[in-house]
Amino acid sequence: MSEHAPLPPRLQAIVDDFRALDRDEKLESLLEYSEQLPDMPAQFRTAPLEHVDECATPIAIAAERQGDAIQFYFDIPPESPTVRGFASILHAGLAQATPQQALALPNDLHYAMGLQSVLSPQRLNGMHFMILHLKRAATRALQQ
Numbered sequence: 000m001s002e003h004a005p006l007p008p009r010l011q012a013i014v015d016d017f018r019a020l021d022r023d024e025k026l027e028s029l030l031e032y033s034e035q036l037p038d039m040p041a042q043f044r045t046a047p048l049e050h051v052d053e054c055a056t057p058i059a060i061a062a063e064r065q066g067d068a069i070q071f072y073f074d075i076p077p078e079s080p081t082v083r084g085f086a087s088i089l090h091a092g093l094a095q096a097t098p099q100q101a102l103a104l105p106n107d108l109h110y111a112m113g114l115q116s117v118l119s120p121q122r123l124n125g126m127h128f129m130i131l132h133l134k135r136a137a138t139r140a141l142q143q
């Protein structure tokens, strides 16, 4: 990831933690994060959302400007705990991040975390597209 801008500190700490975990611990940590994903706030439930159609799991993303920062929200069914876990990591790790920091995320962040040792290529592909759609949502939030 050295060719990318530095990650926001909270996200960098999570990435570093994941790098240090073994395979089973990575999966366990993803499942723990999945339980921490907050529900989509009510004001976004009727708004147009960014849908990640390339992922087998239904994923909707909302972005909200909060001053100079941006906050992301995700709607992902509980039946997809690893995808929810990754979304929860993005939600927590990008809290108080700027839209520019979100746009600078590496598209392969999940590889920096070592998730390829835990997840199928299909899941990893879905996470790649989740990041791309998160960036689209950030771009739209910047234009508002």
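So in numbering that gives the first Met the number 0, the last one in the sequence shown is 143, and the numbering has no gaps at all.
Yeah, the Cβ is synthetic: ideal placement off N, Cα and C, and Gly gets one too.
Only a predicted model underlies this, so the values are computations on that prediction, with no experimental measurement involved.
Nearest residue (CA-CA) to Y72, options L89, P57, L29, T81: Indexing the sequence shown from 1 puts residue 72 at position 73. Of the candidates L89, P57, L29, T81, the one whose C-alpha sits nearest the C-alpha of Y72 is L89.
Going by C-alpha to C-alpha distance, which of V82, A4, L29, A46 sits closest to A136? For the purposes of this step, residue 136 is taken as residue 137 along the sequence shown, with counting starting at 1. It is A46.
Using beta-carbon positions only, say whether G92 and P7 come within less than 8 Å of one another. Stepping through the sequence shown from its first residue, residue 92 is reached at position 93. Stepping through the sequence shown from its first residue, residue 7 is reached at position 8. Yes, the pair counts as a contact, with Cβ atoms nearer than the cut-off.
Are A12 and A62 close, meaning C-beta to C-beta below 8 Å? As a first step, residue 12 must be located in the sequence shown, where it is residue number 13. As a first step, residue 62 must be located in the sequence shown, where it is residue number 63. Contact: no.
Only counting runs of 3 or more residues, tell me where the beta strand (DSSP E) segments fall wholly within the segment 52-111, in order along the chain. 59-65, 68-74
Can you tell me which of Q142, D107, I75, F128 puts its alpha carbon nearest to the alpha carbon of P37? Translated into positions along the sequence shown, residue 37 becomes position 38. The option with the nearest alpha carbon to P37 is I75.
Going by C-alpha to C-alpha distance, which of L108, L114, V82, T97 sits closest to A55? Here residue 55 refers to the residue found at position 56 when the sequence shown is read from its first residue. The shortest Cα separation from A55 among L108, L114, V82, T97 belongs to V82.
Where the alpha helix (DSSP H) containing T138 begins and where it ends: On the sequence shown, position 139 is the one that residue 138 refers to. Unbroken alpha helix (DSSP H) run through T138: 120-142.
What do you get for S1, buried or exposed, if any count of 16 or more other CB atoms within 10 angstroms of its CB means buried? Taking the sequence shown and counting its residues from 1, the one referred to as residue 1 is at position 2. With a pLDDT of 41 at S1, under the threshold of 50, the predicted position of this residue should be treated as unreliable, though the coordinate-derived value follows. Exposed.
Along the chain, where does the alpha helix (DSSP H) containing V14 start, and where does it finish? Position 15 of the sequence shown, counting from 1, holds the residue named residue 14. First-last of the alpha helix (DSSP H) with V14: 8-19.
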